[in-house]
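Engineer:
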Amino acid sequence: MQKKGKNNNFYMAFCDDRFKINRIAVTFIDRLEREKNTLNALFPMVLIRGNNKYKDMKEINRFLDNMYGASLSIDVDKKGDLQAISFAISFLNDRFAGENLYTKALQFLYDIIYGPIKYGGGFEEEAILQEKNNLKQEIESRINDKVQYAIDRCIEIMFEGQNYALYEKGNVDDLQTITKEKLFSQYQEVITKKPMYVFVYGDYDEEWATSKALEIFGEEKRESIHNDFFVNIPFENTRYVTEEMEVNQGKIALGIRTNVDVTSEDYYKLLMLNGILGASPKSKLFENVREKASLCYYVFSRIDRFKSVMIISSGIEIKNYEKALNLILQQIEDIKNGNIDDIEYESAINYYKTALMAIYDSPRDLLSFYLNQALVGQIIEPMEVFENLRNVNIEDIKRIANRFELDTVYFLKNRGVAKDGKDL
Amino acid sequence: MERIYDDALNEEIYINSYSNGLKAFVIKKKNFSKAFAGFATKYGSVDSKFVHPKTKEVVEVPDGIAHFLEHKLFEEEEGNVFDRFAKFGAMANAFTSFKETVYYFISTQNFYENFEILLDFVQNPYFTDQNVEKEKGIIGQEIRMYQDNPNWRVYFNLLNALYVNNPVKIDIAGTLESIQKITKEDLYLCYNTFYHPSNMIIVVCGDVDPKKIFDTIERMEKTKEYQSLIERIYPDEPEEVNQKKIEARLSVAVPIFYIGFKDNQNDLPPYEMIMKDIQTQIVAEMLFGKSTDFYEKLYKEGLINQNFGFEYNCEPEYSFFMIGGESKDPEEVYRRIIEHIEDVKKKGIDRKEFERAKKVVLGSHLRKFDNPEKLSVEFIYSYFKGVNIFEYVKEITSVSFEMCEKRFKEFFDESLSCISIVWPAG
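What follows is the structure, given as structure tokens:
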């Protein structure tokens, strides 16, 4: 690994020759706030519509095609109270392309991001209009994936009024008020002033690869942004919310405040707890809710590291709501009482070992792993994470579980009589 | 043990055959930390009618049985096999598709211990009336989950519109009704028929020792006698599509659609099938790829968005091309696609576009080699079709403009197309 950069510019390169596809990812970090989250989701979509260097989408796509079907992707993500705006390109290893594609790919990514400024001009009115429409569709299409939708709703309810409740891709109402000027000025603000992370993976010399990236993207002075990892409102009572939609299967989502400082050693204890409760193949939730009670096909727990929150999610028969909820809560109680057997513990530790080692086999996963590490302010190797997990004992896990507070129980059920999503 | 090294791909593969008909493959991936091992049988959702290899009687079983069997094989007399995998740190799972069932694990440690568990549990079914009943609840929830999934719905509706009789149109998991009929006797019957080594392969991919793997298989193989080929019975399928349009309503924000083209040129020798597959992919890229005028125009008119895409499915029993995504006006997109095809038929396909399209198709095939899991699954799919995935890359470069021109003229026929739409509910 090769690291470089100052003034809140972060450059990291990871190189080896195992892959046929290389990757470059550039991420900007901004605060997640209502005034700008929609703008931040929109401007990348407008950027990949073209600029004066690559006149339109067709020219952009032609460039990619000629790089042997390279792919350009944009993404906006929520990292606690922060919004991550990413641009990535994946392209063929020089060995198979028979030419050097790295510098070309870097320059291309730079031109996509900085093109409108560098090649004189703002955004095209028509492109903004169309991408507003596309973003509107995308935001509205959240209901298509009911599993994720129920989780998102649970978080929105849990964090009502706070920035963390905001959807990373923005808000439909705010889209209407976006003007060309507002969008361009927010775009400029982000790409010139906000922290930038340039991470590359490829079959190159690491020193050379970082220097090249730095040469093109530079080290201009940027702000530093602080992230707040805690739920900062006092806990009162558990909220129970039921909503209705045209569905066949009920979706239950539980939002739990873990009260764990995820920048401390306790984070690893929480991770182990999560493995035992609902992440590993022999987790309590899988064994008891699915295998023994046959109540569901899927049930899992996950941790949002950036906000110390645990989410439990399952799809169940609507009439089994009470039964499933009680059984899920029973599993947490069991952990609070230290009721953890060897298989559960072993399964969790092994699960993490495999998952962490597997990160090394995917350039994409590796880059996103290190970005998350960098954002939490602790850059350690996947295998060091594993070493920390290995030191966790049952008493630790029990103690962590006893800090849990069940904040929100969300249930998505069918509207009126069960309908079968009838074919017309 | 046979070794093949592909210099152009920089990939190495070891092959071993056993006297009972089993074949095993090791795709060597130096310095990878994870390894994948898959035990696959050529048995999927389309195989519900067949001639019993011993009694020679025609058997017909309930829909969804291959998938049900997949779930049940994880069960053991003392609990389930996850206990054993968990001990050695593997992530084990399985999936059932139209034509194959694959049991696999991914591990980064204790590979050979995990491998033995895989070989052992796939060869040891344990079904009881009670554990079969219990599974109906879990699979019932799986079916319901997919019913709420608009992408799944629009896909199966398309297959229903394309095919009159071909069982590819039937949901892999079956229906809430059909799974109720499944008994442990049915499961044993299908297991004994399709889980014979002569109908199975083992694929391992990672930084592993091929000899040790092949020896382990030799030692652990239970079945010694050979079984004759299984005769599968597929109904006759008319050339034309079943219906031109199929619609449904679900909770979606924007209508979702797929347009399908039925390909009646099936049952080709393996090499011709590879060539047909590649040619179709190149032609599709030339017609509808992201850098075409066609794509740009529809995108700019707001008729399609970034989710627009296409794929070609090519099997000896059925082949179809599908293209779709999200649109406020799917019927207009359908009309434009047909119009575009007619237009190109008059003008002919563009020679300049050909080289570009070929590069894209080549790049997308090379990508598959970076992920041991995906690579192995692709390998299994193509092996059961009678072709080798390694051949694809070589053949892509050999495809000529004239071949694609011919393929274009033969395929993409309006009369063999149909549309499936999921509209927003309420």
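Chains A and B, in that order, give the protein sequences.
Letter by letter, the first sequence follows residues 1 to 424 in our numbering.
Letter by letter, the second sequence follows residues 1001 to 1426 in our numbering.
Don't be surprised by glycine CBs; every beta carbon is placed ideally from N, CA and C.
Being a predicted model, the structure only gives us computed values, none of them experimental.
(1) Listing by chain order, which chain B residues have their CB less than 8 Å from the CB of A:K33?
(2) Once you ignore the five residues that flank B:E1410 on each side, which residues in its own chain have a CB closer than 6 Å to its CB?
(3) Below 8 Å on the Cβ atoms is my contact criterion, and I expect A:R390 with A:I349 to pass it. Report the Cβ-Cβ distance as a whole number of Å.
(4) State the CB to CB distance for the pair B:V1254 and B:K1328, rounded to an integer number of angstroms; the pair is presumed to be in contact (CB under 8 Å).
(5) Cutting at 7 Å between CB atoms, please list the residues of its own chain near B:I1139, excluding the five before and the five after it.
(6) Spell out a yes or no on whether the stretch 1186-1193 of chain B and the stretch 1119-1136 of chain B are touching, meaning 3 or more CB-CB pairs, one atom from each, closer than 8 Å.
(7) Compare the C-beta of B:R1144 against all C-beta atoms of chain A and say whether one is closer than 9 Å.
(8) Just the Cα atoms here: how many angstroms apart are A:M67 and A:Q2?
(9) Measure the alpha-carbon distance for B:N1093 versus B:F1050 and round it to whole angstroms.
(10) Check the Cβ of A:L92 against every Cβ in chain B and list those closer than 7 Å, keeping chain order.
(11) Which ranges would you report for the alpha helix (DSSP H) in the stretch 1100-1175 of chain B if only whole runs of at least 4 residues count?
(12) Please list the partners that A:Y68 has in chain B, where partner means a Cβ-to-Cβ separation under 8 Å.
(13) Can you pull the chain B residues whose beta carbon is under 9 Å from the beta carbon of A:P281, in chain order?
(14) Find the nearest neighbour of A:L106 within the set A:C15, A:L327, A:T210, judged by alpha-carbon distance.
(15) Quick check on B:L1069 - is its C-beta less than 9 Å from some C-beta in chain A?
(16) Compute the Euclidean distance between the alpha carbons of B:S1251 and A:K413, then round it to the nearest angstrom.
(17) So which residues of chain D does A:R62 contact, with C-beta pairs closer than 8 Å?
(18) My output table needs one value for A:A84: the three-state DSSP class, helix, strand or coil.
(19) Give me the Cα-Cα distance between B:Y1258 and B:I1421, rounded to the nearest whole angstrom.
(20) According to DSSP, simplified to helix, strand and coil, what is B:S1382?
(21) Pull up the CB-CB distance for B:F1025 and B:V1283, whole angstroms please, since I reckon it's below 8 Å.
(22) Over what stretch of residues does the beta strand (DSSP E) that includes A:L329 continue unbroken?
(23) I'd like to know whether the C-beta of A:K146 is nearer than 9 Å to at least one C-beta of chain B.
(24) Run through chain B and tell me which residues come within less than 7 Å of A:K132, C-beta to C-beta.
(25) Quick check on B:R1407: buried or exposed, where buried means 16 or more other Cβ atoms within 10 Å of its Cβ?
(26) Give the single residue among B:N1166, B:E1218, B:Q1279 whose Cα lies nearest to the Cα of B:P1238.
(27) 9 Å is my cut-off, CB to CB: does B:T1397 come that close to chain A?
(28) Closer than 8 Å between beta carbons: that is the criterion. Which residues of the stretch 1099-1133 of chain B meet it against chain A?
(29) So, A:A41 versus A:A88, is the Cβ gap smaller than 9 Å?
(30) What does a CB cutoff of less than 8 Å around A:Y267 pick up in its chain, not counting 5 residues either side in sequence?
(31) Please confirm whether A:F96 has its beta-carbon closer than 9 Å to some beta-carbon of chain B.
(32) Please report how far the alpha carbon of B:D1293 lies from the alpha carbon of B:G1348, in whole angstroms.
(33) CA-CA distance, A:I139 and A:L175?
(34) Does DSSP put A:K419 in a helix, a strand or coil?
(35) What is the C-beta distance between A:T354 and B:S1107, in whole angstroms, given that I count them as a contact (C-beta under 8 Å)?
(36) Are any of the Cβ atoms in chain B nearer than 9 Å to that of A:S264?
Structural biologist: So, from the data block:
(1) Note that residue 33 of chain A is Glu in the sequence shown, not Lys. Under the 8 Å cutoff, chain B gives no residues; its nearest Cβ is about 25 Å from A:E33.
(2) none
(3) 7 Å
(4) 6 Å
(5) F1068, H1071, A1173, I1179
(6) yes
(7) yes
(8) 26 Å
(9) 27 Å
(10) G1363, L1366
(11) 1111-1122, 1129-1147, 1150-1162
(12) K1359, V1360, L1362, G1363, L1366
(13) F1082, F1085, A1086, A1090, M1091, A1092, N1093
(14) A:T210
(15) no
(16) 12 Å
(17) No chain D is present in this structure, whose protein chains are A and B.
(18) strand
(19) 7 Å
(20) helix
(21) Rounded, the Cβ-Cβ distance is 31 Å, inconsistent with contact.
(22) Counting along the chain, A:L329 falls outside any beta strand (DSSP E), though it belongs to the alpha helix (DSSP H) covering 321-336.
(23) yes
(24) In chain order: nothing, as chain B lies at least about 10 Å away.
(25) buried
(26) B:N1166
(27) no
(28) I1106, S1107, T1108, Q1109
(29) no
(30) V260, D261, R305
(31) yes
(32) 15 Å
(33) 11 Å
(34) Only weak support is given to the placement of A:K419: the predicted model assigns it a pLDDT of 44, under 50, and the value that follows is read from those uncertain coordinates. In the structure shown, A:K419 sits in coil (DSSP, three-state: anything other than H, G, I, E or B).
(35) 6 Å
(36) no
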